[in-house]
Each structure stands twice: as structure tokens, then as C-alpha cells.
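> Sequential numbering from -11 applies to the sequence shown in my numbering.
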Amino acid sequence: MKHYSAVIFDWDGTVMDSTHSIVSAIQMACADVSLPVPSAQDAAWVIGLSLESALYRCVPTLTAEQLPLFLERYRHHFLRRDTQIKLFDGIPELITTLRSRAVTLGVATGKSRVGLNRVLASTQLHEYFDITRCADESFGKPHPGMLLEIMEARALRPEQVLMVGDTTHDIQMALAAGVDCMAVTYGAHDKPTLVKAQPTVMVSSVPEMQAWLLDRV
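#1: Can you tell me which residues form a DSSP beta bridge with Ala199?
#2: So Ile206 is in the beta strand (DSSP E); what residue range does that whole segment cover?
#3: Taking the alpha helix (DSSP H) that Ala17 falls in, what are its first and last residues?
#4: How about Arg195 and Ala171: are their beta carbons less than 7 Å apart?
#5: Can you tell me whether Leu37 is helix, strand or coil according to DSSP?
#6: What are the boundary residues of the alpha helix (DSSP H) that includes Gly133?
#7: Just tell me which of Met(-11), Lys184, Ile10 and Ile138 has its CA closest to the CA of Arg68.
#8: Go through its chain and collect everything with a Cβ distance to Gly166's Cβ below 6 Å, but skip five positions before and after it.
#9: Report all residues from its chain with a CB closer than 7 Å to the CB of Val21; omit the five preceding and five following residues, and keep chain order.
#10: Answer yes or no: does any C-beta atom of chain B fall closer than 7 Å to that of Phe117?
#11: For Met(-11), count the other beta carbons within 10 Å of its own beta carbon; 16 or more makes it buried, fewer makes it exposed. Which is it?
#12: What's the C-alpha gap between Ala17 and Ala199?
#13: If you draw a straight line from the alpha carbon of His8 to that of Thr97, how long is it in whole angstroms?
#14: Determine the contact status of Gly213 and Ile35, defining contact as a CB-CB distance below 7 Å.
#15: Can you name the residues that DSSP bridges to Asp154?
#16: Could you name the residues that DSSP lists as bridge partners for Thr188?
#17: Would you decide whether Val(-5) is buried or exposed? Buried here means 16 or more other CB atoms lie within 10 Å of its CB.
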């Protein structure tokens, strides 16, 4: 059985139950700027990408001139319910258990640095993560840049690392970086979509994730 010394988590839809809030914020921002409102499925598909990349893919008619107002409206709608967004049940316990086993813990996310720092502080998880990378300071997913930077900074080999995420963007990033990937089916992308991207393993819940991980760290 293969063992890992480092686990790198995506954030939205993997650690934090934020998919619905992101989708709603995109849809309401579209309405505010008089743009076509995407379906929930289309809005969820872009979660995990850097914010600007996500918006341009989700709202193809968005122009560069409309972008600043759109971003302002998106952030308004997302942040007004920010304090209501919770971690998935079992995540704090899993993180602390992995930390107690001396596993290197990281985050590779499409969130901005400001956004990630805010939720790390509000959830009191900042002290548990050894290293984090955000799309606005590196390459956005599915480019492998964030994972490659994490591995270089922590002197990790690809075979030591497991990426955990809820989208095909996470899987593609992991594959491009040469690392294994656990896909969780409770986030933004559904199981059939994730299967096509060929993750190393799929789990449907945090307890299932924990059971699999604790046998391999």
C-alpha cells in the first residue's frame, strides 16, 4: 500500500461547504450587471479556477469594461454571507489528526491570498497548514504551478504527495504535476464528471476520506 508524507487540499467544495454560496454570488452578480445568468451547473463547473478565469468562462459575454463592476458585485454577494459558510463536518478533526501524525499539510486554491487568509483565520486552521498557494500569486488551475511550487518549497517528491479536490481542475493539476489525486464527490463537480478525469481514488464523504487517508499516512 502506498503511503504519503504530504496532503495538499483544495479549499472551496473540499474543505469548506461554499459551492452554493459561490454559485449564488455569480448568478446574482450577473443579474446586477444585466448579463445572462448561468445555470447552477455551469457556475459550479468553474469553481476552483482563478476568479477572473472562472468568470470569463462562466459568462462568455462579460467584457473587460464590465469586469470591475462584476467583480465588485460578486464579492459583495459572496462576502455578505461569508460568516455563514462552514467547514464540512469532520474536516477540523481530520486536519488535526493528520497534523498529529506529522503529515505536511498544504492548500492549493483558486481563492485569492486575501480570501484564503481570511478563511484560515476565521476557521482557526491557519496554524495547521505548513504551506499554501493561491491562484493570484501563482498559476491558476489546471496549471501545475501551485503544486510544483509547494513541492519545491518543502523538498517533496511527487510520489510523496496527494492532492485532494472536488473538481476536474484539481485532478488535471495533480496529473500535470505528477502527483496522485483524491477526488471528493460532495463538492462542485459530480461523480460522472470526476470519473472521466481519472483521479487516483474517489470518496463520497469526509469520513470515507479520513478512513482512506489514515491508512496511508
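Idealized CB from N, CA, C, for every residue including glycine.
Considering the structure as presented:
#1: None, per the DSSP bridge assignment.
#2: There is no way to answer for residue 206, as the model of the chain reaches only from -11 to 205.
#3: Thr7 to Asp20
#4: Contrary to the premise, residue 195 reads as Pro rather than Arg in this sequence. No, Cβ-Cβ distance for Pro195 and Ala171 is not below 7 Å.
#5: strand
#6: Gly133 to Arg142
#7: Ile10
#8: Pro146
#9: Gln54, Leu57, Phe58 and Arg61
#10: Among the protein chains of the structure shown there is no chain B, as only one such chain exists.
#11: exposed
#12: 39 Å
#13: 17 Å
#14: The structure shown does not extend to residue 213, since the chain spans only -11 to 205, so no value can be given for it.
#15: Answer by DSSP bridge pairing: none, since Asp154 is not bridged.
#16: BP columns for Thr188 are empty, so no partner.
#17: buried
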